[in-house]
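Inspection log for the structure reproduced underneath, given as structure tokens.
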Amino acid sequence: MDFNDACRTLPLHLPDWFDRIAADYARMDAAYDAAAAHVGFTCSGCEDNCCRTRFRHHTLIEYAYLRQGFEGLGAGHRRRVGADARRYLKALQEAESQGNPFRHWCPLNHDGRCILYPYRPMICRLHGLPHILHHPVRGMIQGTGCHVFEQAYRRIAPRLLDRSGIYQRLAGLERAVRQATGFSAPLGMTVAEMILAMEGGIAGVREVAAGRGGTLGGRRRGPTG
Ligand code: SF4
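Numbering (the working numbering), first residue to last: 41 to 265.
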């Protein structure tokens, strides 16, 4: 079973999947907005747009939700996104093979705006603010904000965004989704790889990913990709 088979059967096995992830995302957005408002932090006008940061995403539920948005795009938009996704992966492959830093626009960002903003994955919603996480094994983990936050807002005592409940809810939903669909492969994909998987199935992504050692089923990275 590949990602798309799992997504197709998801509504049969878990009819409220869409509402559940939408509700989780709404909670994340509310938590983020409250913490950002506390220090007056805003992303508006940011020149170091985090849509040029390479994130990897790890859940099937986020893939399914993004796929729902992608399928709602017109054919022209989907073609452009697909072409941009291929360019993105080529650039990533070159950067990684040469050990260079990677800054490249996510294929879903057109003219500085995310064209699937309501469907964007978790880390796109949480990036930027300093945060804490109560890890069941490692204890309390604290993370910094993006470098713009650290430069401009460091002196203001921020209300740290607590990601613990957010991660737990998403992990719980992911467990339900995987149990329902029987999909068990580990994931760790950039949005570009997700787009190519949506277009051509898992084989298409393997082909692209193989050029740089592959990401599918590879080492699981931290939640920020
Ligand atoms: S999915 Fe949207 S918000 Fe996330 S990096 Fe891509 S363009 Fe930016």
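Where a beta carbon is used, it is the ideal one built from N, C-alpha and C, also for glycine.
Contact check between the stretch 68–78 and the stretch 115–129: fewer than three CB pairs, one atom from each, fall below 8 Å, which does not count as touching. For the pair of segments examined, the stretch 220–231 was found to touch the stretch 42–50: the number of CB pairs separated by less than 8 Å reaches three.
If one requires a minimum length of 3 residues, the beta strand (DSSP E) runs lying completely within the stretch 104–192 are 171–175, 179–183, in chain order. A heavy atom of the ligand SF4 is found nearer than 7 Å to the CB of Val231. DSSP, reduced to helix, strand and coil, places Met238 within a helical segment of the structure shown. Apart from the 5 residues on each side of it in sequence, Gly109 sits with its Cβ closer than 8 Å to the Cβ of Leu156, Pro158, Tyr159 in its chain, given in chain order. Judged by DSSP secondary structure, Ile196 falls outside any alpha helix (DSSP H); it is assigned neither H nor E. In the DSSP assignment, Gly212 falls within the alpha helix (DSSP H) that extends over 204–221. For Leu227, the CB stays at least 7 Å from every heavy atom of the ligand SF4. Put simply, of Met180, Tyr207, Met238, Gly168 the residue whose alpha carbon is nearest the alpha carbon of Thr82 is Gly168. DSSP places Leu201 in the strand class (E or B) of the three-state scheme. Nearest neighbour of Leu227 by Cα position, chosen from His97, Ile61, Pro55, turns out to be His97.
The DSSP-derived three-state label of His78 is helix.
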